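Numbering (full-length UniProt numbering), first residue to last: 1 to 777.
Set out below in C-alpha cells:
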C-alpha cells in the first residue's frame, strides 16, 4: 500500500486526524513554525530587495529532521498547517527542506491541503483534491514578517537608546497604544456638563401607569441645563391634566446577525463571557483541533477560527435549516437561506466560524467539555443557528402627551416595545457595548434600542392624570445628570476600533492586546485599559519622531497594500519599500530628537534619607523613580524611592511596600519580606543593609523529587531566561522551564500542572508528559 505523510501544526490536531485515516497515512506535527528570522540580528538584507534570511528555530532541529526523514520513506507528502497566511508560510518552509537537491522530483509528490474543519468527511475530501502552496499568501506573510522585523529591530534599538532598555516598538502595537493614550487625554480634557431630565408618571383609562420624559419645549428639543429651569417646568406642569397628542404604532423587524468571524467572536466573548481575546483564541483552537467526546474520541467541534468571511458551506446551511424546522417549527425558518455580506478583503476560501455539526448541540456534549470551552462552543453554536432564522418582529408604540392649560408647549414622550414574534432572538441576542459615550445624549433623547416595556392602550385625545410614584407625590420628577467622558477601551471596544480603522488584521488582535500589556505600556484596571507612564512616554516620543508609523490612515493604507500582495495585485518587495522609505526618514528625524534618557532633570528638593544628597529622577524598567546621585561613588549609595508628581508639580514620595512573610532569615533571624527587583519579586532580610540575605520566592509548589522537602522557586539563567528549580539546589537538581501551577492534575493526579506558552496562546498542562491533560490558561 502506498504510504502518505500528513504534516499539521499541532499534536492535538495530529491525534484527531490519525483517528479518521487508515494505516496508509502517518500524521506528524511541526508544532508551529520551523523556520524564522534570527533573533540575534536583523535577518533582512535591505540592500538586496529586503531578502529575508531564515534559520531553523531553536529547538526545532529535531522536529524538522524527523519530518525530513519520514518524508523520504513515503510516496506523497501532504502539507496541512492551518489554512491562513502563517500556515502557508510554514508549509513553504517545510517544502523547501523536504525538496532538497531533487526539487522537481520531490515537488511532484508534495501537496498542500486545507482543513477548514477537522472532521472525517472534510479531511478525506481535502485529500482527494490537493493543491499547491499559494505563493501569494506566502509573500503576504513574508512582507508582514519583514516589515514587523524592521520596525521591531531598528525601532526598538532606538527606544533603548532614547528611553530605556527592554522596550519594543511595533508597526501595529504602537498604533494601538496611541489609541489608548489619546482616549486617556480626551478623558483628562473632558469637562462634564450639567443637564436635567423631567419625567412625568401618567395614568390613563387603562392600566398600568407609565413614565413619559420631557422631549421638546415649543417645538425645540428640550435642553435643561440647571435646577432652576427644571423647577420651572415642574411648577408649570404639576397638578395639571395631560392629553394624548399622538399615538404612533409601527412594526419593527430585528434581523439576525451573521455567524462569527474572528473579530466578532473576540468582541462577543469579551462582552458576554469576560474572556480576553487571547483566552478566546486558545479555547477556539482546542475546539477546532479536536476534543475527546465520549466514545467518538477526539472530534473537531468548530471550523477554523481565524477568518474574516461570513460564507457558509451549502451543506452546513441545509443542516441548520433542517434543525430549525424540527426544533422550532416552520415559522422560524426563512423561505430562503440567509446570506451575509462579507468584508471586501475577506478570504472567501474560508468559512465563518461555525459548529462542524449543528446537530451536536452544546447540551448534548456538555459533560465532555471544560466549563469555559462549553461556554464558548455554546456562543458559537447559538450564533450560527440564529443566523439562519427569521427576524424578530417587535411592536413599537410612541406616545406624545402634553399638559393642558400651560402657556408653553411641553411634549412628554413615552416609548414601549413589545416582542410580537421572537424569531432568532429565541436562540441568540447580540451583546451591546453598554458604555457608549453619553456626552451627546441629553434628556428626552431617544435611542434606537429603547427599553422594552408595555404601554397601556391609549387613544389620541385621551385625558391622563399625574399619579404619585415612590418618593414623588406630584408625579413629576426632575433629575440631575452630567455628560460622561468617552469610555476607556476594554477588549471589545479596542478590537472594534482597530477593525473599523483598518489597523492590523483580526487574527493579530489577540497578540496585539497581549503584547501591549506584557510590555507594561498599558494596564487593565476594572476591565479597562489605562496607559502607564512608560506607555505615555514611549507614545509621546514616537508621535514626535514617527508621524507616519503612528498615523492611523497610513497604517490602514499599509494594510490594504499587504492585502493586495495576498490577492496577487502587488509585489511584496514593492509593498515593503512603500513602508520602509518613510520609516527611514522618520528614523533620521527621531535620531535628532532628545529622548527621556537624554534629558537631564535638575536635582529634586528631596534629600536621600541615607546620605543627605538631593535625589535625582531616573528611568527604570517600570518608569521614573528617585535615585541617590551617589550611586557610582565610593562607597556607593544605592538608595531609591518611588514617587508621584502632584498636580501642582511637587514630588511626593510613595513608600515602598514590603510584604512580610512567616519566614525568618537564616543568618540573623530577622523576618523575611517580599521585595521587587529588576528580575521580579524576591525574599530579602528586613535587617538590610546590616544583613543582605536574599532568597528566591517560592511559586507555592513543593519539589516532586523523591525524598526532597524543598520548594520550587523562580530563577534565571546567565542570559536572563526564566526557569524553575528546587530551593535545595545543589543538593537537589530538579528543574524545569515551564512555570508550575499549584493544582493537581484531574486526570492522573500528578502533584501540579505547568503553564506552557505556545505560538498563539498559553495552556496549562499536566507535568506528566504521558498524561496529555491540558486546559486553557
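C-beta atoms are modelled at their ideal positions from N, C-alpha and C, and glycine is treated no differently. Note that the coordinates shown come from a computational prediction; the quantities given were computed from them, not determined experimentally.
Legend entry - Cut-off 7 Å between Cβ atoms - residues of its own chain near residue 365, not counting five sequence neighbours on either side: The residue labelled residue 365 in the question sits at position 365 within the chain shown. Here the set comprises 293.
Inset, instruction - Give me whichever residues DSSP pairs with residue 691 in a beta bridge. - result: Taking the chain shown and counting its residues from 1, the one referred to as residue 691 is at position 691. Answer by DSSP bridge pairing: none, since residue 691 is not bridged.
Legend entry - Helix, strand or coil at residue 742 according to DSSP, with G and I counted as helix: Within the chain shown, numbered from 1, the residue matching residue 742 stands at position 742. Residue 742: coil per DSSP, three-state reduction.
Inset, instruction - Tell me whether residue 442 sits in a helix, a strand or coil according to DSSP, three-state version. - result: Counted from its first residue, the chain shown places residue 442 at position 442. Bear in mind that a pLDDT of 40 at residue 442, under 50, signals an unreliable position, so the number given afterwards is only what the model happens to contain. Coil.
Inset, instruction - Ignore the nearest five residues each way along the sequence and tell me which others in residue 76's own chain have a CB closer than 6 Å to its CB. - result: Indexing the chain shown from 1 puts residue 76 at position 76. A distance below 6 Å between beta-carbons, with the five flanking residues on each side excluded, links residue 76 to the following residues of its chain, in chain order: 4 and 109.
Legend entry - Length of the line joining the Cα atoms of residue 71 and residue 8: Stepping through the chain shown from its first residue, residue 71 is reached at position 71. Stepping through the chain shown from its first residue, residue 8 is reached at position 8. In a straight line, the C-alpha of residue 71 is about 14 Å away from that of residue 8.
Inset, instruction - Output the boundary residues of the beta strand (DSSP E) element that contains residue 726. - result: Numbered from its first residue, the chain shown carries residue 726 at position 726. Segment 722-726, the beta strand (DSSP E) holding residue 726.
Legend entry - First through last residue of the beta strand (DSSP E) which encompasses residue 535: Here the question's residue 535 lines up with position 535 in the chain shown. Element bounds for residue 535: not the beta strand (DSSP E) but the alpha helix (DSSP H), 533-545.
Inset, instruction - Decide if the region 312-323 is in contact with the region 266-274; the criterion is three or more beta carbon pairs, one per stretch, under 8 Å apart. - result: Short answer: they don't touch.
Legend entry - Simplified DSSP assignment, three categories, for residue 341: The count along the chain shown starts at 1 and reaches residue 341 at position 341. In the structure shown, residue 341 sits in coil (DSSP, three-state: anything other than H, G, I, E or B).
Legend entry - Nearest-angstrom Cα separation, counted from residue 94 out to residue 138: Locating residue 138 in the chain shown gives position 138, where the first residue counts as 1. Locating residue 94 in the chain shown gives position 94, where the first residue counts as 1. Cα to Cα, residue 138 sits roughly 12 Å from residue 94.
Legend entry - Check whether residue 276 and residue 306 have beta carbons under 7 Å apart: Position 276 of the chain shown, counting from 1, holds the residue named residue 276. Position 306 of the chain shown, counting from 1, holds the residue named residue 306. Taking 7 Å as the cut-off, the Cβ atoms of residue 276 and residue 306 do not count as close.
Legend entry - Within 7 Å, strictly: CB atoms of residue 509 and residue 217: As a working note, residue 509 is residue 509 in the chain shown. As a working note, residue 217 is residue 217 in the chain shown. Result no, Cβ atoms of residue 509 and residue 217 do not sit closer than 7 Å.
Legend entry - Euclidean distance between Cα positions of residue 685 and residue 638: Indexing the chain shown from 1 puts residue 685 at position 685. Indexing the chain shown from 1 puts residue 638 at position 638. Answer to the nearest angstrom: the Cα atoms are 17 Å apart.
Legend entry - Collapsed DSSP secondary structure at residue 392 in the structure displayed: The residue labelled residue 392 in the question sits at position 392 within the chain shown. Residue state, collapsed to three classes: strand.
Inset, instruction - Specify, as a first and last residue, the run of the beta strand (DSSP E) that residue 478 falls within. - result: For this step, residue 478 is matched to residue 478 along the chain shown. For residue 478, the enclosing beta strand (DSSP E) covers residues 476-482.
Inset, instruction - Figure out for me which residue from 413, 280 and 406 has the closest Cα to the Cα of residue 376. - result: On the chain shown, residue 376 is found 376 positions in, with the first residue counted as 1. Looking at the Cα atoms, 280 is the closest of the given residues.
Inset, instruction - Going by CA-CA distance only, name the one from 459, 458, 460 and 475 that's closest to residue 466. - result: As a position in the chain shown, residue 466 is number 466, starting the count at 1. Here the closest residue by C-alpha is 475.
Inset, instruction - Assign residue 181 to one of three DSSP states: helix, strand, or coil. - result: Looking up residue 181 in the chain shown gives position 181. Of the three classes helix, strand and coil, the one that applies to residue 181 here is helix, per DSSP.
Inset, instruction - Below 8 Å on the Cβ atoms is my guess for residue 736 versus residue 754; work out the distance and round it to an integer in Å. - result: The residue you call residue 736 lines up with position 736 of the chain shown. The residue you call residue 754 lines up with position 754 of the chain shown. The distance from the Cβ of residue 736 to that of residue 754 is about 7 Å, consistent with a contact at the 8 Å cut-off.
Inset, instruction - Flag this pair as yes or no: are the beta carbons of residue 404 and residue 243 separated by less than 7 Å? - result: Translated into the one-based positions of the chain shown, residue 404 becomes position 404. Translated into the one-based positions of the chain shown, residue 243 becomes position 243. Contact flag set, yes.
Inset, instruction - Confirm, please, whether the CB-CB distance from residue 16 to residue 118 is below 7 Å. - result: Taking the first residue of the chain shown as position 1, residue 118 is located at position 118. Taking the first residue of the chain shown as position 1, residue 16 is located at position 16. Contact: yes.
Inset, instruction - Note down, in chain order, each residue of its chain lying with its Cβ closer than 7 Å to the Cβ of residue 207, except the 5 sequence neighbours on either side. - result: On the chain shown, residue 207 is found 207 positions in, with the first residue counted as 1. Excluding positions up to five away in sequence, the list reads 456.
Legend entry - Whole-angstrom distance between residue 231 and residue 196, CA atom to CA atom: Against the chain shown, residue 196 aligns to sequence position 196. Against the chain shown, residue 231 aligns to sequence position 231. Straight across, the Cα-Cα distance linking residue 196 with residue 231 is about 10 Å.
Inset, instruction - Use the C-beta contact count for residue 51: other C-beta atoms within 10 angstroms, 16 or more gives buried, fewer gives exposed. - result: Position 51 of the chain shown, counting from 1, holds the residue named residue 51. Looking at its Cβ environment, which holds fewer than 16 other Cβ atoms inside 10 Å, residue 51 is exposed.
Inset, instruction - Taking the CB atoms as reference points, tell me whether residue 396 and residue 213 lie closer together than 7 Å. - result: As a first step, residue 396 is located in the chain shown; it is residue number 396 there, counting from the start. As a first step, residue 213 is located in the chain shown; it is residue number 213 there, counting from the start. For residue 396 and residue 213, no; Cβs fall outside 7 Å.
Legend entry - Proximal residues to residue 141 (C-beta, below 7 Å), its chain only, five neighbours per side dropped: Walking along the chain shown from the start, residue 141 turns up at place 141. Excluding sequence neighbours, residue 141 sits near 85, 86, 88 and 89.
Legend entry - In DSSP terms, what residue 525 is bridged to: By 1-based counting over the chain shown, the position of residue 525 is 525. DSSP, once it has assigned bridges, lists 528 as partnering residue 525.
Inset, instruction - For residue 445, collect the residues of the same chain with a Cβ closer than 6 Å to its Cβ; drop the 5 residues on either side in sequence, then sort them by chain order. - result: Residue numbering aside, residue 445 sits at position 445 when the chain shown is read from its first letter. Low per-residue confidence applies at residue 445: pLDDT is 38, beneath 50, and the placement is therefore not dependable, though the value from the model is reported in the following sentence. Same-chain partners within the cutoff: there are none.
Legend entry - residue 93, enclosing alpha helix (DSSP H) - first and last residue: In the chain shown, the residue the question calls residue 93 occupies position 93. Counted as a single uninterrupted DSSP element, the alpha helix (DSSP H) harbouring residue 93 occupies residues 85-99.
Legend entry - Paired residues, beta bridge with residue 716 - DSSP: Reading the chain shown from its first residue, position 716 is the one you call residue 716. The bridge partners DSSP lists for residue 716 are 722.
Inset, instruction - Verify whether the separation of the beta carbon atoms of residue 704 and residue 751 is less than 7 Å. - result: By 1-based counting over the chain shown, the position of residue 704 is 704. By 1-based counting over the chain shown, the position of residue 751 is 751. In contact: residue 704 and residue 751 (Cβ atoms closer than 7 Å).
Inset, instruction - Sort 329, 144, 430 and 359 by Cα distance to residue 264 and report the nearest one. - result: Along the chain shown, read from residue 1 onward, the residue named residue 264 stands at position 264. Checked all of 329, 144, 430 and 359; the closest Cα to residue 264 is 430.
Inset, instruction - Verify whether the separation of the beta carbon atoms of residue 712 and residue 740 is less than 7 Å. - result: Locating residue 712 in the chain shown gives position 712, where the first residue counts as 1. Locating residue 740 in the chain shown gives position 740, where the first residue counts as 1. For the pair residue 712 and residue 740, the CB atoms are nearer than the 7 Å cut-off.
Inset, instruction - List the endpoints of the continuous alpha helix (DSSP H) containing residue 562. - result: Indexing the chain shown from 1 puts residue 562 at position 562. Where residue 562 is concerned, the enclosing alpha helix (DSSP H) starts and stops at 552-567.
Legend entry - Whole-angstrom distance between residue 149 and residue 156, CA atom to CA atom: Reading the chain shown from its first residue, position 156 is the one you call residue 156. Reading the chain shown from its first residue, position 149 is the one you call residue 149. Taking the straight line from one Cα to the other gives about 10 Å.
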